[in-house]
Structures are given as structure tokens and as C-alpha cells.
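Enquirer: Per full-length UniProt numbering, numbering through the sequence shown is continuous, rising by one, with the last residue being 448.
In this text, a Cβ means the ideal position worked out from N, Cα and C, and glycines have one as well.
Just so you know, these numbers come straight off a predicted model, no measurement behind them.
Mind having a look at this structure? Questions to follow.
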Amino acid sequence: MIPEATVDKVLKAVNIADYIGQYVQLRKTGQNLFGLCPFHEEHTPSFSVNEPKQIFHCFSCGRGGNVFKFVMDYDNATFPEAVKKVADFAGMPLDVQVGHATPVDPEISKQQHILQDTADLFHHILMNTEKGQTALDYLHKRGLTDDTIEAFQLGYAPEERNLLVAFLNNRKVDYQDQRASGLFVEDQEGKLFDRFNDRVMFPLTDSHGQVIGFSGRILSKDKTQAKYLNSPETKLFNKRDVLFNLHRAKADFGRDGGPILFEGYMDVIAAYQAGVKTGIASMGTSLTTEQVDIISHLSKRLTVCYDGDEPGQKAIERAVAMLADHPRLQTDVVVLPDGMDPDEFIRARGAEAFQAQVKSVLTPTAFMLQFLARGVDMNNDQAKLTYLNAALKTIGKISNPVARAVYVKQLADTTGVPESALNQSLPAPQQAVPQQSSAPVSYQTCAG
């Protein structure tokens, strides 16, 4: 139990608007602050925060209470967990042990131990054995320090097909538990063989840092094998709702402007080493609705920074389209120059340049106008008209008249077509949810 005096002290130390403002964009209306309710989908703000009374209330769904109640509802937390989280936000660490009341499923616990032991084994092989030297040299060549390798618990799975089987057998791990772990493939007789061979291993964790699976990058130049191999779906691992590095990055979301979504694990790790600690990655370039839900629960802003090449830019286009109608998540885009990926940019230009680059953001609309113009010959009338039609459709999705005017002017400057003519062809503004992408926060070339 947390003493009542401590609870009161924490409550008085935090402004509820500051805490909730991490997750909800609040605007002053009269005496209260209003925003879109984080507990249900809505297009008109009905969620209010009363600073004098230090309470919140949603006029639509009826939820309300003080800051502790918000944390309990938003994070599905117990009261002691909520008090501790608010205290951490206020910089008042509590000398109390707070644990989850829900008992751990014994099967889940066994799998967690198997996967953590496996991660420890792979890491030991990488850092301390001759078998791991080639993999360690590869990571050093990619610019990673031993401290970074240690922080991410990177490892190496040797070429042997039964090393891990023997390791777990020696630890008396049950056959069925081994089968359920996703670490093995099985022949027709039911014999198990190591799934990962001659691969640099990236442990995949849940939001609490528990290992739930692996991704392995092949070291050999055998093009018949996939470059990256992920664990199959298990009781613990479903790639649709996993974000690489989330458990490390989320603590800095509020301070550093939210997560930065990268394409690959090495991009996240290189960014981390370069001082950008909020990097996360999906399990591939296709962002899922489950991953978006997780992100929007932790932050009200997301920056997308995929590779600067053509596939990377197309992946950004898909992500922007997916995020366009999200009611609570502001999206920004970073475009890397010269077709570089983040890892290449850092190695070529250094950490400070990369830190500046990820702050040089485009709105989704600005990115789309830039993306649509890629490779277009503005001296070719048909190519220019095709671009103009697509660009006007993009601007037409914006309801904010000032933003529409800003982007029309930019389009006129790019194409030489008068603003008056562009406005005549501009589709009528949509009356749906006001698009967060419409606000022209910045429009920079990101040329680095």
C-alpha cells in the first residue's frame, strides 16, 4: 500500500493537463481544455480537462476522474501502478514495489524463460567465442560499438542445426515446450532442428522488455535464403502487434516529440547510437493497424523516416495514407537525401547531422506533393497535367482554408500555373475529420 500522504503529495505535484497532454491534443475553450477522447473514436472533441478542479470528463462516453483515474483507464493499470507512473512523470520516484495483480500463465512464463536463455546464449556466442567472430566483425564494420551491441543484446546463431536443441535439452526443457517456442523446425519424424543458422540475431521484445521472439539476418551470401528470418507466430509473438525497440524508446516519447518509425532494426540501432533514442520499427515496411493503435496509445505524434530510395518513399506513401484519418495521431515525415537509409546517412555525415535531419520534417501533404513530383518533367505538358491533377486531389483532401492556400501557392511556384487557375480546379474541401496533415507546420526540402 502507498501511504495516503504520499498519494496526496503526488496528486498535488502534477497538473492533470500536462499529464494528459502527452496523449491528447488539448485546446482552450472557455474555462476548460478540450480534445478528442482517447477512450473511443470521435470526430468532435467531447473530452474536457478542468485545471482548477484537476479532473477530466468525457461528455460522450462519461469517463472522468482525477489524473490517477485517467492512468488506470488509459493504461489498464492498478491504483498503485497509476500513482507510481504519475510520480515518475513528476520526477518523484516512489520507494515502493508495484506489481501486476494478474497472475502469470505458467506456460507463458516457461516460454519467456526459454527465449531469454536463448538470447543470452546467442549473445554469449557473439561476444565471447571464435564461432561468433565473423558476426562480431560484421557488426563492427557496420559501425556498432560493443556498448550498443550489449544494449540491444545482439547475438549470433551458428551454422550447426542442433546446437540450441542440445542447449535446451541440457537444461531439461520439455520437448513440447521447445516445439512451442518457435525456435525450431520439425521433420516428418518430429525431430527438432534449430530454425536460425549462421545469422546475426536480434531479440524481439514486448513493451515491457520481455523477449518474445527473434529476427535473424543471414551472414552468408546464399541468395536462396531470406535475408531476414523472423520467429513464426507463437503464443507470445505476433508480428502484427510488435514494434522493435518499443520498450526502450517509449520512456522518451513525451520529451523528444514522439516515436520515429524506421524501416529496419539496423536503422533503429544506428539511430540509437547516434543519439536518437525514440526509434522503433515494424516487422517489415508495412505498418499494421495494430501497431498504429499501440503507437497512438503512447504518443500523439509519429514521425516516419524510411529509406530515401524509391521503395522506401513508396512505403512512406502507404504509411501516410494509412495514418491520414487517424483522429489522435499527428504524422510527420523525414525524407533522407540521395537515396540513403538512416544507417548510411549516419555513417556518411555523422550523428549530429542525423539528429538535425530527423527534426527537419514535412507534413504528410507536403511529402505527397514532393513524392508525386519525383521524376516528373515539368517541361512535358502531359506529365505536368498528370502531376497537377494528382497534386490538386491531395490538396483537396484538406479542409483548413489557410493550409489549402499555402499548398496551392507552393504548387503554383513549382509548376508556374497561376494560383487562380489552380483554385478553380481544386476539389471542394472534404467535410470529414479535419486532417492533422493539413497544418503546414514546416515545408523543408530535407536535402541535408
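Check whether the Cβ atoms of residue 248 and residue 296 sit closer than 8 angstroms, and answer yes or no.
Expert: Not in contact: residue 248 and residue 296 (Cβ atoms no closer than 8 angstroms).
Enquirer: Please classify residue 443: does DSSP put it in a helix, a strand, or coil?
Expert: Note on residue 443: pLDDT 31, under 50, position unreliable in the model; no value is reported.
Enquirer: Whose C-alpha, out of 267, 322 and 303, is nearest the C-alpha of residue 289?
Expert: With distances taken between Cα atoms, residue 289 lies closest to 322.
Enquirer: Would you mind sorting residue 385 into buried or exposed? The rule is 16 or more other CB atoms within 10 Å of its CB.
Expert: Result: exposed.
Enquirer: Tell me the rounded alpha-carbon separation between residue 84 and residue 239.
Expert: Rounded to the nearest angstrom, the two C-alpha atoms are 30 angstroms apart.
Enquirer: Following the continuous alpha helix (DSSP H) through residue 291, name the residue where it begins and the one where it ends.
Expert: Per DSSP, residue 291 belongs to the alpha helix (DSSP H) from 289-298.
Enquirer: Ordered along the chain, which non-local residues of its own chain (more than five positions away) have a Cβ less than 8 angstroms from that of residue 14?
Expert: Counting only Cβ-Cβ distances below 8 angstroms, and skipping sequence neighbours, we find 67, 86, 89 and 90.
Enquirer: Assuming residue 185 is part of the beta strand (DSSP E), what are its boundary residues?
Expert: Per DSSP, residue 185 belongs to the beta strand (DSSP E) from 184-186.
Enquirer: Look at the alpha carbon of residue 415 and the alpha carbon of residue 391, and state the distance between them as a whole number of angstroms.
Expert: So the two alpha carbons sit approximately 11 angstroms from each other.
Enquirer: How big is the Cα-Cα spacing for residue 54 and residue 252?
Expert: Near 25 angstroms, if we compare the C-alpha coordinates of residue 252 and residue 54.
Enquirer: Tell me the rounded alpha-carbon separation between residue 122 and residue 400.
Expert: Straight-line Cα distance between these residues: approximately 53 angstroms.
Enquirer: Of the residues 246, 74, 4 and 349, which one's Cα is nearest the Cα of residue 280?
Expert: Of 246, 74, 4 and 349, the residue nearest in Cα terms is 246.
Enquirer: Hey, would you say the C-beta of residue 164 is under 7 angstroms away from at least one heavy atom of the ligand HEM?
Expert: Absence of the ligand HEM is noted for the structure shown, with no ligands found whatsoever.
Enquirer: Would you mind working out which of 241, 286 and 76 sits nearest residue 262, comparing C-alpha positions?
Expert: The option with the nearest alpha carbon to residue 262 is 286.
Enquirer: May I ask which residues mark the beginning and end of the beta strand (DSSP E) holding residue 203?
Expert: 199-205 is the extent of the beta strand (DSSP E) around residue 203.
Enquirer: Hey, is the stretch 254-261 in contact with the stretch 231-238, meaning 3+ C-beta pairs nearer than 8 angstroms?
Expert: Output reads no: the stretch 231-238 does not touch the stretch 254-261.
Enquirer: What residues in its chain sit with their C-beta under 7 angstroms from that of residue 92, if we drop five residues either side in the sequence?
Expert: Once the five neighbours on either side are set aside, the close Cβ partners of residue 92 are 10 and 13.
Enquirer: When you compare each of 140, 169, 387 and 143 to residue 375 by their alpha carbons, which one comes out closest?
Expert: Taking only the C-alpha atoms, the option nearest residue 375 is 387.
Enquirer: Give me, in chain order, the residues of the same chain whose beta-carbon lies closer than 7 angstroms to that of residue 449; leave out the 5 immediate sequence neighbours on both sides.
Expert: Nothing about residue 449 can be read from this structure; the chain reaches only from 1 to 448.
Enquirer: Hey, which unbroken runs of the alpha helix (DSSP H) at 4 residues or more fall wholly within the stretch 79-144?
Expert: Qualifying alpha helix (DSSP H) stretches, in chain order: 79-89, 106-128 and 133-141.
Enquirer: Return helix, strand or coil for residue 261, following the three-state DSSP convention.
Expert: Residue 261: strand per DSSP, three-state reduction.
Enquirer: Rounded to whole angstroms, what is the Cα-Cα separation between residue 275 and residue 346?
Expert: Whole-angstrom Cα-Cα distance: 11 angstroms.
Enquirer: In whole angstroms, what is the alpha-carbon distance linking residue 264 and residue 282?
Expert: So the alpha carbons of these two residues sit roughly 8 angstroms apart.
Enquirer: Mind checking which residues open and close the beta strand (DSSP E) that includes residue 228?
Expert: Counting along the chain, the beta strand (DSSP E) containing residue 228 begins and ends at 228-230.
Enquirer: For residue 358, name the three-state secondary structure that DSSP assigns.
Expert: In this structure, residue 358 counts as coil in the three-state DSSP scheme.
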